[in-house]
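The structure under discussion appears below in the form of structure tokens.
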């Protein structure tokens, strides 16, 4: 049996008729950029998250860097972020000239709130919270800090569509919630896509203007903006995906529940869910001191896995200029050496799940 780490065709085939019907509807409409599909998706996604406004953008990275740009964060400013995140989170900060200040993660792979306050300086302007692997961070404690120090709060929700903390959905706690709709995400398009959720109507309008060359009215440019528009086809397909989000989330939770209850191997550390948080299991991440051997063993069994992520941002070539060295963030570096994401996708059969579980237990 050959099992991929992730596959997106199963989710398509399950609702194939709806996707194909919507695609043809958009193609036949003759309107492909900033039309009714984008407007409708923005309204529906805002309602889904419980946020006031959603603005569709071209990617999750665009959501991040434009968010910091519109919040006025740039050169000389510092933004606190966890060290073990995907590098796009950090790029959202540095593309504006600001400096990322890394904080170690906790055992849930999210930012260790107890380590944040010691990193706050007079240059700190914001905290970027990453709800990594699909589990919500401890937003109650983080909100206390942003209010105490008058900091902006940006959420990277690329992996946490639908995850909640104390019943409130990620992306709605801070000034801006940033989302990726990349195909592999829990709510994924069929190409690149992203968006933001905000509470403030004026800020939402700023995003709408900025994404369209800084233009509110065609050929009349208020600011130097960007070309970052969620297109009509992707918006329409995302509307279909959104209709089935609860079904898809429940399925991933069931797969995770099987993994958690049936994987029994002392060589692995299984993920945990923090009290007050929910996880939507964008990834099911285990740790092992024998990670590389485990990965090779599973490959021989034709079971695909992914390392999220092998090189932490502070040690990447792209951020050598920050001056960090190996050993600066030992927990982050330990996770990079030990994490492994097991197969997790909608449409994964019980037989496939059993094959993965049995293989791991025999390692």
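Numbering (the working numbering), first residue to last: 69 to 431. Ideal Cβ positions, reconstructed from N, Cα and C, are used throughout, including at glycine. Quick caveat, the model's predicted, so the values are computed rather than measured.
- From this set, 200, 207, 217, which residue's C-alpha is nearest residue 185's C-alpha? 217
- Kindly indicate which three-state DSSP category residue 145 falls into: helix, strand or coil? coil
- Message: Taking a contact to mean a Cβ-Cβ separation below 7 angstroms, would you say residue 376 touches residue 409 in this structure?
- Response: yes
- Message: Please state whether the Cβ-Cβ distance between residue 346 and residue 246 is less than 7 angstroms.
- Response: no
- Between the Cα of residue 386 and those of 135, 155, 102, 106, spot the shortest distance and give me the residue it belongs to. 155
- Task: Pair every Cβ in the region 217–227 with every Cβ in the region 352–371, then say whether three or more of these pairs are closer than 8 angstroms.
- Result: No: the two stretches stay apart, fewer than three of their Cβ pairs being nearer than 8 angstroms.
- Message: Tell me the residue span of the alpha helix (DSSP H) that contains residue 364.
- Response: 359–368
- Item | residue 413 burial status per 10 Å Cβ neighbour count (16 or more: buried) | buried
- Message: Taking the alpha helix (DSSP H) that residue 380 belongs to, which residues open and close that run?
- Response: Looking at the DSSP string, residue 380 is not in any alpha helix (DSSP H), and its letter there is neither H nor E.
- Give the straight-line distance between the Cα atoms of residue 241 and residue 137, rounded to the nearest whole angstrom. Using only the alpha carbons, I get a separation of about 19 angstroms.
- Mapping DSSP to helix, strand and coil, what is residue 101? strand
- Could you check what DSSP says for residue 320 in three-state terms: helix, strand or coil? Looking at residue 320 - three-state DSSP - the assignment turns out to be helix.
- Task: Alpha carbon to alpha carbon, how far is residue 389 from residue 366? Give it in angstroms, no decimals.
- Result: 37 angstroms
- Task: Starting from residue 167, follow its DSSP beta bridges and name the residues at the other end.
- Result: 146
- Item | Nearest-angstrom Cα separation, counted from residue 99 out to residue 332 | 53 angstroms
- Under three-state DSSP, which class holds residue 218? coil
- Message: So, with DSSP's three-state summary, where would you put residue 254?
- Response: coil
- Where does residue 144 land, buried or exposed, given buried means 16+ other C-beta within 10 angstroms? When all chains shown are included, residue 144 counts as exposed.
- In angstroms, rounded to a whole number, what distance separates the CA positions of residue 425 and residue 226? 27 angstroms
- Query: Which runs of the beta strand (DSSP E), 3 residues or longer, sit entirely within the region 249–315?
  - Reply: 262–266, 283–285
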